[in-house]
Amino acid sequence: MLKNTVYDPAMQRGALECFWTSLKLGLTSFGGPVAHLGYFHEVYVKREKWLSDERYAELVSLTQFLPGPGSSQLGAAIGYERAGWLGSLGSWLGFTLPSALLMIGFAIGMSSVQEWLGLGWLHGLKIAAIAVVVVALFGMQQKLCTGKKEAVFAIGALLVLMFTKQAWVQPVVILIGGLVGAFVFHDRAAKECGESLEKRSFKARWWHSVVPATLLMVVLMAVPAMFPESRDAMALGGLMHAGALVFGGGHVVLPLLETSTVDAGLMPKYEFLAGYGAAQAVPGPMFTFCAFLGAVMGLFGNPWLGGLAGLVAVFLPGMVLLGGGLPVWDRMKHFSWARAGVRGANATVVGVLGAALAAMFFGGSVSSIWDVLAIVLLVLALHFRWLPVWALVVLAAVIGAFGL
2 MLKNTVYDPA MQRGALECFW TSLKLGLTSF GGPVAHLGYF HEVYVKREKW LSDERYAELV
62 SLTQFLPGPG SSQLGAAIGY ERAGWLGSLG SWLGFTLPSA LLMIGFAIGM SSVQEWLGLG
122 WLHGLKIAAI AVVVVALFGM QQKLCTGKKE AVFAIGALLV LMFTKQAWVQ PVVILIGGLV
182 GAFVFHDRAA KECGESLEKR SFKARWWHSV VPATLLMVVL MAVPAMFPES RDAMALGGLM
242 HAGALVFGGG HVVLPLLETS TVDAGLMPKY EFLAGYGAAQ AVPGPMFTFC AFLGAVMGLF
302 GNPWLGGLAG LVAVFLPGMV LLGGGLPVWD RMKHFSWARA GVRGANATVV GVLGAALAAM
362 FFGGSVSSIW DVLAIVLLVL ALHFRWLPVW ALVVLAAVIG AFGL
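Adding 1 to a residue's 1-based position in the sequence shown gives its number in this note's numbering.
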């Protein structure tokens with residue numbers, strides 16, 4: 002890991018380099034967090050040669066271990082490797098800004114488009130969003146629920162959330178999944194880590210990074226609760242909780258965001274799903290969907306200010322955790338209980354996403370047999386890659402707008 006305690010003009014130039022390199026990725030990286038890993042490897046490892054394949058794999062493991070936006074954290078970690086914390090900030094800004102600005106612009110122009118085209122295009126976006134979640138759910142199931150034990154975690158979370166609507170239940174279910182997973186999957190994780198690595202002592206000076214990060218996280222989580230009568234504080238608190246509790250990023254954030262916005266009465270569900278559908282048609286990180294949410298909710302009385310506030314709220318916890326986790330990851334990755342806990346949490350979030358999908362189907366978003374048929378066709382198109390995701394989303398909106 003690079004040392005960054007002394008100011009170096011070369012480090013500042015490296016931060017600008019990180020920004021421009023990641024900006025190109027932010028403008029062209031379609032396909033979601035899984036595809037982003039391929040883009041990052043091609044640019045940062047193969048073309049720019051900023052880090053080795055081995056180090057890249059380690060940073061991918063770190064971002065899967067920590068909650069928060071996975072691909073954005075990975076880009077920030079690579080920026081840190083290149084140019085310290087300025088490089089980390091530059092990488093995040095470059096990768097995030099293009100899609101964030103597009104999502105805020107979409108939120109601002111949505112009412113004008115509604116007057117021009119009616120509500121049909123919004124319904125098309127809702128159908129596209131459901132299809133994307135179906136494909137994501139099956140993909141996550143194949144990756145994260147590879148055995149009967151993982152399936153039990155997912156089904157348990159699904160059943161609990163199907164019959165419990167309180168907002169606090171989702172994070173508690175994920176936390177319980179992680180704690181139980183640390184015991185259930187310990188033996189398997191120990192074999193993956195290797196016995197010799199398991200016996201290594203943890204000598205990292207953890208308090209230099211973990212303690213400040215922990216204190217800052219406590220402050221971030223507590224501040225919104227200090228203003229219980231404030232709609233803006235409630236909204237930002239919900240976005241921060243989502244950013245702090247989602248493992249792997251991507252589509253997993255959907256149910257937590259819906260709970261903290263739609264279920265809290267801060268925005269209608271059809272706008273939420275329309276924005277989520279539109280988020281599939283822009284490049285960059287999925288979490289920029291929160292820029293749309295902040296703009297639609299009109300936080301602080303201004304859509305641009307609200308969009309930027311929503312963006313910072315959902316990304317900040319994950320970046321704080323990254324700052325605390327980077328210096329100790331080289332030791333933590335050898336502990337089997339840590340890997341086992343992440344395995345349990347990951348299996349649990351499959352059930353969380355399944356419950357969100359069920360709520361979409363039975364919550365009024367699907368209103369006819371034609372909607373079901375459209376979802377099936379979109380799922381097949383996504384699965385067999387007949388068209389890129391963004392093109393299918395645009396097509397669904399057009400079909401919905403003109404009632405084709």
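Virtual Cβ for every residue (Gly too), placed ideally from N, Cα, C.
Rounded separation between residue i and residue j - CA only
{"i": "Phe-154", "j": "Val-343", "result": "12 Å"}
{"i": "Pro-401", "j": "Ala-245", "result": "One point to set straight first is that residue 401 is Gly, not Pro, in the sequence displayed. Looking at the two C-alpha atoms, the distance is approximately 35 Å."}
{"i": "Ile-376", "j": "His-42", "result": "32 Å"}
{"i": "Trp-51", "j": "Tyr-81", "result": "11 Å"}
{"i": "Gly-326", "j": "Val-44", "result": "24 Å"}
{"i": "Ser-53", "j": "Leu-63", "result": "15 Å"}
{"i": "Ser-100", "j": "Thr-29", "result": "10 Å"}
{"i": "Leu-103", "j": "Leu-38", "result": "22 Å"}
{"i": "Leu-267", "j": "Leu-159", "result": "25 Å"}
{"i": "Leu-17", "j": "Ala-78", "result": "15 Å"}
{"i": "Trp-86", "j": "Gln-74", "result": "13 Å"}
{"i": "Leu-393", "j": "Leu-381", "result": "11 Å"}
{"i": "Ala-314", "j": "Val-297", "result": "15 Å"}
{"i": "Gly-379", "j": "Ala-129", "result": "A quick correction: the sequence has Leu, not Gly, at residue 379. Distance between the alpha carbons of Leu-379 and Ala-129 is about 7 Å."}
{"i": "Leu-388", "j": "Pro-225", "result": "42 Å"}
{"i": "Asp-372", "j": "Phe-385", "result": "20 Å"}
{"i": "Cys-19", "j": "Leu-312", "result": "20 Å"}
{"i": "Met-241", "j": "Val-367", "result": "30 Å"}
{"i": "Pro-269", "j": "Ala-275", "result": "10 Å"}
{"i": "Arg-201", "j": "Leu-24", "result": "The predicted model places Arg-201 with a pLDDT of 46, which falls under 50 and marks its position as unreliable; any figure quoted below should be read in that light. Spanning the two alpha carbons is a distance of roughly 40 Å."}
{"i": "Val-399", "j": "Leu-374", "result": "16 Å"}
{"i": "Val-212", "j": "Phe-363", "result": "44 Å"}
{"i": "Ala-397", "j": "Trp-391", "result": "10 Å"}
{"i": "Asp-264", "j": "Lys-149", "result": "32 Å"}
{"i": "Leu-94", "j": "Phe-316", "result": "11 Å"}
CB-CB length for residue i against residue j, believed under 8 Å
{"i": "Phe-228", "j": "Ala-234", "result": "4 Å"}
{"i": "Phe-96", "j": "Leu-26", "result": "6 Å"}
{"i": "Ala-183", "j": "Trp-338", "result": "5 Å"}
{"i": "Gly-106", "j": "Ser-92", "result": "So it is not a contact: roughly 23 Å between Cβ atoms."}
{"i": "Gly-345", "j": "Gly-178", "result": "5 Å"}
{"i": "Val-170", "j": "Val-161", "result": "7 Å"}
{"i": "Gly-285", "j": "Thr-262", "result": "The Cβ separation is near 21 Å, so there is no contact."}
{"i": "Thr-349", "j": "Val-174", "result": "6 Å"}
{"i": "Pro-318", "j": "Leu-221", "result": "6 Å"}
Contacts around residue i, its chain only, beta-carbon distance under 6 Å, and the 5 residues preceding and following it disregarded
{"i": "Met-141", "result": "Val-351"}
{"i": "His-124", "result": "Gly-401"}
{"i": "Ile-109", "result": "Pro-304"}
{"i": "Ile-131", "result": "Met-361 and Ile-376"}
{"i": "Ala-341", "result": "Gly-182, Ala-183, Phe-186, His-187 and Ala-190"}
Close-in-space but distant-in-sequence residues of the same chain around residue i (CB under 8 Å, 5 per side omitted)
{"i": "Leu-354", "result": "Val-134, Ala-137, Leu-138, Met-141, His-252, Val-253, Leu-255 and Pro-256"}
{"i": "Ala-280", "result": "Ser-100, Met-104, Met-287, Thr-289, Phe-290 and Phe-293"}
{"i": "Val-395", "result": "Ala-282"}
{"i": "Val-46", "result": "Leu-52, Ser-53, Asp-54 and Tyr-57"}
Contact set for residue i: own chain, Cβ-Cβ below 7 Å, skip 5 residues either direction
{"i": "Ala-359", "result": "Met-163"}
{"i": "Ser-231", "result": "none"}
{"i": "Ala-310", "result": "Leu-237, Gly-295, Leu-300 and Phe-301"}
{"i": "Glu-259", "result": "Phe-273 and Ala-357"}
{"i": "Gly-15", "result": "Arg-83, Ala-84 and Gly-88"}
{"i": "Glu-49", "result": "Thr-22"}
{"i": "Tyr-277", "result": "Ala-130, Leu-255 and Phe-290"}
{"i": "Cys-146", "result": "Ala-152, Ala-155, Ala-348 and Val-351"}
query: Can we say the stretch 213-220 touches the stretch 289-297, given the rule of at least three CB pairs closer than 8 Å?
result: No contact exists between the stretch 213-220 and the stretch 289-297.
query: Taking contact to mean at least 3 C-beta pairs separated by less than 8 Å, is the stretch 294-311 in contact with the stretch 65-79?
result: Of all C-beta pairs linking the stretch 294-311 to the stretch 65-79, fewer than three are shorter than 8 Å, placing the two stretches out of contact.
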